[in-house]
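Student: Listed in order, the protein sequences are those of chains P and H. Sequential numbering from 1 applies to the first sequence in the working numbering. Sequential numbering from 356 applies to the second sequence in the working numbering. The C-beta atom is built at its ideal place from N, Cα and C for all residues, glycine as well. Predicted, not measured: the structure shown is a model, and the values here were computed from it. There's a structure below that I have some questions on.
Protein chains: 2
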Amino acid sequence: MVTSEHDESAPSNTEGRFVTLRDIARMAEVSISTVSRALAGTGLVNKRTESRVLRIADEMGYRPNALARSLATRSSRLVGLMVNNMVNASFQRLAEISQARFAAAGYQMLLCITGDDPGQEAAYLSTLFDHRIEGLLVLPTGANSDLIERFIAANSAVVGLVRSHGHENYDSVLFDDAFGAYDGTRQLLELGHRRIGIVVGRQDTNSGRERLAGYKRALTERGIAIRPEYVHSGPFRPEFGISATEAIMSLPEPPTALFSANHEASLGVIGQLATKGIVIPDQLSLLCYEDVPWFSWQKPAISVVDADAEALATLAVDLLLQRIATGAGSRTGRVLRVGARIIMRDSCTPVSPIG
Amino acid sequence: MVTSEHDESAPSNTEGRFVTLRDIARMAEVSISTVSRALAGTGLVNKRTESRVLRIADEMGYRPNALARSLATRSSRLVGLMVNNMVNASFQRLAEISQARFAAAGYQMLLCITGDDPGQEAAYLSTLFDHRIEGLLVLPTGANSDLIERFIAANSAVVGLVRSHGHENYDSVLFDDAFGAYDGTRQLLELGHRRIGIVVGRQDTNSGRERLAGYKRALTERGIAIRPEYVHSGPFRPEFGISATEAIMSLPEPPTALFSANHEASLGVIGQLATKGIVIPDQLSLLCYEDVPWFSWQKPAISVVDADAEALATLAVDLLLQRIATGAGSRTGRVLRVGARIIMRDSCTPVSPIG
DNA sequence: CTGTTAGCGCGTTCAG
DNA sequence: CTGAACGCGCTAACAG
Chain P
1 MVTSEHDESA PSNTEGRFVT LRDIARMAEV SISTVSRALA GTGLVNKRTE
51 SRVLRIADEM GYRPNALARS LATRSSRLVG LMVNNMVNAS FQRLAEISQA
101 RFAAAGYQML LCITGDDPGQ EAAYLSTLFD HRIEGLLVLP TGANSDLIER
151 FIAANSAVVG LVRSHGHENY DSVLFDDAFG AYDGTRQLLE LGHRRIGIVV
201 GRQDTNSGRE RLAGYKRALT ERGIAIRPEY VHSGPFRPEF GISATEAIMS
251 LPEPPTALFS ANHEASLGVI GQLATKGIVI PDQLSLLCYE DVPWFSWQKP
301 AISVVDADAE ALATLAVDLL LQRIATGAGS RTGRVLRVGA RIIMRDSCTP
351 VSPIG
Chain H
356 MVTSEHDESA PSNTEGRFVT LRDIARMAEV SISTVSRALA GTGLVNKRTE
406 SRVLRIADEM GYRPNALARS LATRSSRLVG LMVNNMVNAS FQRLAEISQA
456 RFAAAGYQML LCITGDDPGQ EAAYLSTLFD HRIEGLLVLP TGANSDLIER
506 FIAANSAVVG LVRSHGHENY DSVLFDDAFG AYDGTRQLLE LGHRRIGIVV
556 GRQDTNSGRE RLAGYKRALT ERGIAIRPEY VHSGPFRPEF GISATEAIMS
606 LPEPPTALFS ANHEASLGVI GQLATKGIVI PDQLSLLCYE DVPWFSWQKP
656 AISVVDADAE ALATLAVDLL LQRIATGAGS RTGRVLRVGA RIIMRDSCTP
706 VSPIG
């Protein structure tokens with residue numbers, strides 16, 4: 001009886017139709033609710049019918065319709081990740097880690113890549129809102145705070161990443177660039193360097209400002225005057241690294257150490273140093289910012305201040321998950337910082353006594 | 356009348372509730388269907404009421420519930436992207452490009468990162484199925500073809516990426532590694548090299564096998580015997596690059612050119628070459644596989660056979676989109692190849708006359 | 001042009 | 001323990 005074949009078209013799932021609770025209910029000769037309860041494992045169902053339903057569901061290849069479930073439960077179990085690009089090593093780790101952790105927590109992740117374009121960002125924020133995401137991890141351009149506010153108004157959790165524009169209504173987790181640069185500069189100081197150049201990001205960015213500030217603080221603390229000709233701030237591009245390096249190293253009195261605190265420019269810095277035949281670390285100690293695998297395979301291996309993207313990602317996801325679980329709760333707008341760590345390899349040495 | 360305030364709690368969207376069609380309908384004093392039609396821009400609505408509805412919807416901050424819409428229309432407008440990791444440059448481009456193109460076509464992308472683990476892959480395939488994705492871009496481990504078949508059985512489009520295990524039921528777009536390696540080797544031959552070493556991937560992978568085959572074919576065509584001591588195949592890890600390089604370059608008669616056709620190993624190859632003090636390209640011409648930005652900033656800049664991830668991504672997405680649009684249609688299981696391109700920089704020179 | 005009705009697939013009362 | 005009935009928010013016939 002149970003295994004009898006009905007000649008009414010059996011929903012054999014060969015033609016674009018999906019197996020639904022009703023199909024199983026018919027087959028098992030019980031009601032939809034019973035099937036639903038059995039599948040949910042509520043324990044409110046007769047053991048024997050439960051296992052029978054489960055078996056039939058399995059045989060029919062049943063898979064719940066997440067959309068329908070979301071609608072009924074009013075919870076989408078969807079989260080959004082919105083970043084600039086996927087090229088930056090930090091964002092890669094962010095995507096990998098958050099995707100894994102969200103999945104483990106039963107959430108699916110919608111990925112959006114803005115290219116740092118406010119227009120794109122606005123469009124994506126709307127779509128994500130439409131999908132009723134329960135949480136948003138966002139590296140904001142700053143131009144769409146109103147759209148972001150909409151999420152928290154609708155009771156979804158938001159955690160900001162990497163950038164903060166001051167007074168948002170949600171928590172943000174940022175790199176502690178000020179301290180990282182401070183610490184990196186101090187290391188150079190420890191090695192005896194007194195003439196330290198820096199290539200840093202644009203001063204209208206968080207990281208650019210903070211890293212420069214850290215550098216200055218370290219120097220000032222040691223009573224060393226800031227030499228304007230030693231500091232170059234500019235765009236996050238390799239080309240800028242070239243020109244800045246050229247300028248700094250052509251000085252009548254060039255530095256003995258260079259802090260390349262603009263990651264994208266580092267490519268140009270390293271290239272230009274090689275072009276000029278400046279040998280590292282003998283003639284110049286080099287310290288970069290943000291670790292990438294090839295740094296450790298360079299000759300000499302490049303020392304870095306690593307921004308620790310893993311830590312940031314982990315913290316951000318945990319925060320978001322917790323926020324989702326506990327409800328919006330307190331909208332403090334805290335700013336958390338994840339510390340940088342210094343990885344000393346072979347590109348920095350004590351300043352030579354004659355230097 | 357229209358603007359009168361009802362004392363029943365107005366849905367002012369300040370408390371986690373979302374504005375629905377019904378809210379607008381009440382406010383505009385029309386039926387839900389009229390609102391739906393007005394918002395959909397069907398033109399089946401009186402111009403004046405349409406604009407009024409639109410205005411009210413806007414004022415109330417209405418945003419359609421994508422989940423409910425999906426359920427009603429039986430189309431989720433969701434697609435899935437499933438890859439190994441996000442570190443590989445090819446996958447980054449894949450993610451960026453596909454996300455952008457899908458978004459432009461009105462699809463949202465669910466990202467899944469498998470870590471090349473069949474277990475993870477299986478879990479993700481199920482979740483994606485549950486979400487009723489309309490299309491899937493997948494770099495398959497090969498262990499879950501049954502789960503992938505389920506998608507095409509359910510009439511969703513599938514396009515395979517990078518790997519093919521032979522006889523799948525869906526189209527795949529792969530890199531033309533055999534030709535890329537063949538072409539790269541030929542370039543080296545053109546430069547006069549006759550002793551050419553190769554460091555390549557594991558022979559139980561598609562790319563590993565094909566690249567080695569391409570290398571061999573180029574040599575054979577020129578009547579040059581394959582020297583076993585010149586070919587090293589192994590894992591996709593920098594460490595392997597080190598040992599392979601060490602072995603090859605310690606040979607009594609080392610090659611005059613080295614083809615590092617295992618991208619991950621290239622880091623180690625380059626590092627080890629530097630360690631041994633082998634100067635490129637004077638003592639050895641070096642050709643790598645898969646371009647990354649830092650190759651062009653090395654001194655000398657590294658020549659590469661670039662696998663052209665953009666082309667692959669673009670083609671794959673187009674294929675999938677088209678497949679979604681036209682329905683499953685022919686399930687030919689075609690295998691498309693995107694050609695590699697050679698980017699000659701400074702790491703290869705003609706073999707020296709004395710060499 | 002508009003309103004009424006009927007689902008989409010599922011969870012969740014509320015009675016039995 | 002089980003089934004009937006309702007609703008999630010929206011689209012899609014079907015009448016008027």
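Count the other C-beta atoms from every protein chain shown that fall within 10 angstroms of the C-beta of residue 46 (chain P), then say buried if there are 16 or more, exposed otherwise.
Tutor: Flag for residue 46 (chain P) reads exposed.
Student: How about residue 528 (chain H) and residue 516 (chain H): are their beta carbons less than 8 angstroms apart?
Tutor: A contact, by the Cβ cut-off of 8 angstroms.
Student: With distances taken from CA atoms, which of P:22, P:278, P:63, P:23 is nearest residue 256 (chain P)?
Tutor: The option with the nearest alpha carbon to residue 256 (chain P) is P:278.
Student: Residues of the region 590-612 of chain H with a CB closer than 7 angstroms to any CB of chain P: list them in chain order, please.
Tutor: Residues passing the 7 angstroms Cβ filter: 593.
Student: Report buried or exposed for residue 699 (chain H), applying the criterion of at least 16 other Cβ atoms within 10 angstroms of its Cβ.
Tutor: By the neighbour-count rule (16 or more Cβ atoms within 10 Å), residue 699 (chain H) is not buried but exposed.
Student: What is the DSSP secondary structure of residue 226 (chain P), reduced to helix, strand or coil?
Tutor: Three-state DSSP puts residue 226 (chain P) in coil, outside helix and strand.
Student: For the region 412-424 of chain H, which residues have a CB atom closer than 9 angstroms to at least one CB atom of chain P, in sequence order?
Tutor: The region 412-424 of chain H vs chain P, Cβ under 9 angstroms: 416, 418, 419, 420, 421, 422, 423, 424.
Student: Would you mind telling me which residues of chain H sit closer than 9 angstroms to residue 96 (chain P), beta carbon to beta carbon, in chain order?
Tutor: The contacting residues are 440, 441, 442, 468, 470.
Student: If residue 67 (chain P) and residue 422 (chain H) are in contact, beta carbons under 8 angstroms, what's the gap, nearest whole angstrom?
Tutor: Sure, about 5 angstroms apart at Cβ, within 8 angstroms.
Student: Put residue 348 (chain P) into one of helix, strand or coil per three-state DSSP.
Tutor: Coil.
Student: List, from N- to C-terminal side, the alpha helix (DSSP H) runs of 4 residues or more that fit wholly inside the region 607-650 of chain H.
Tutor: Listed in chain order, they are 618-630.
Student: Please list the segments of the alpha helix (DSSP H) lying wholly inside the region 105-186 of chain P, counting only runs of 4 or more residues, in order along the chain.
Tutor: With a minimum length of 4 residues, the continuous alpha helix (DSSP H) runs that stay inside the region 105-186 of chain P are 118-130, 145-153.
Student: Tell me, please, whether the CB atom of residue 636 (chain H) is closer than 8 angstroms to any CB atom in chain P?
Tutor: No, residue 636 (chain H) lies away from the interface with chain P (no Cβ there is under 8 angstroms from its Cβ).
Student: Beta-carbon within less than 6 angstroms of residue 281 (chain P)'s beta-carbon, same chain only, minus the 5 sequence neighbours each way: which residues are those?
Tutor: The residues are 347, 348, 349.
Student: Measure the alpha-carbon distance for residue 445 (chain H) versus residue 416 (chain H) and round it to whole angstroms.
Tutor: The alpha-carbon atoms of residue 445 (chain H) and residue 416 (chain H) are separated by roughly 40 angstroms.
Student: Could you pull out every residue in the same chain whose Cβ sits closer than 8 angstroms to the Cβ of residue 304 (chain P), ignoring the five residues on either side in sequence?
Tutor: Answer for residue 304 (chain P): 287, 288, 289, 290, 291, 295, 342, 343, 345, listed in chain order.
Student: Near residue 272 (chain P), what residues of its chain come up, given a Cβ to Cβ distance below 7 angstroms and the 5 sequence neighbours on each side ignored?
Tutor: Cβ neighbours of residue 272 (chain P) beyond the five flanking positions: 241, 242, 245, 246.
Student: With a cut-off of 8 angstroms, do at least 3 Cβ pairs link the region 454-469 of chain H to the region 669-682 of chain H?
Tutor: Cβ pair count under 8 angstroms is three or more, so yes.
Student: Would you kindly check if the distance between the Cβ of residue 457 (chain H) and the Cβ of residue 552 (chain H) is under 8 angstroms?
Tutor: No.
Student: Note down, in chain order, every chain P residue with its Cβ under 7 angstroms from the Cβ of residue 654 (chain H).
Tutor: What residue 654 (chain H) touches in chain P: 271, 274, 275.
Student: Quick one: which chain P residues come within Cβ less than 9 angstroms of residue 622 (chain H)?
Tutor: Under the 9 angstroms cutoff, chain P gives 293, 294, 296, 297.
Student: If you drop the 5 nearest sequence neighbours on each side, which residues of the same chain put their C-beta closer than 8 angstroms to that of residue 356 (chain P)?
Tutor: The shown model of chain P, from 1 to 355, leaves out residue 356 (chain P), and the question about it has no answer.
Student: Are the C-beta of residue 677 (chain H) and some C-beta of chain P separated by less than 8 angstroms?
Tutor: With 8 angstroms as the cut-off, residue 677 (chain H) does not count as an interface residue toward chain P.
Student: So that I know if they touch, is there some Cβ in chain P lying closer than 8 angstroms to that of residue 481 (chain H)?
Tutor: Closer than 8 angstroms: yes.
Student: I think residue 511 (chain H) touches residue 489 (chain H), with their Cβ atoms under 8 angstroms apart; what is that distance to the nearest whole Å?
Tutor: That pair is a contact at about 5 angstroms.
Student: If we cut at 8 angstroms on Cβ distances, does residue 20 (chain P) have a partner in chain H?
Tutor: Judged by the 8 angstroms Cβ criterion, residue 20 (chain P) is not in contact with chain H.
Student: What separation, rounded to the nearest whole angstrom, lies between the Cα atoms of residue 144 (chain P) and residue 419 (chain H)?
Tutor: The straight-line gap from Cα to Cα measures roughly 20 angstroms.
Student: Since residue 698 (chain H) sits in a beta bridge, which residues does DSSP pair it with?
Tutor: Note: residue 698 (chain H) sits in a beta bridge opposite H:659.
Student: State buried or exposed for residue 326 (chain P), treating a residue as buried only when at least 16 other CB atoms are found within 10 Å of its CB.
Tutor: So residue 326 (chain P) counts as exposed.
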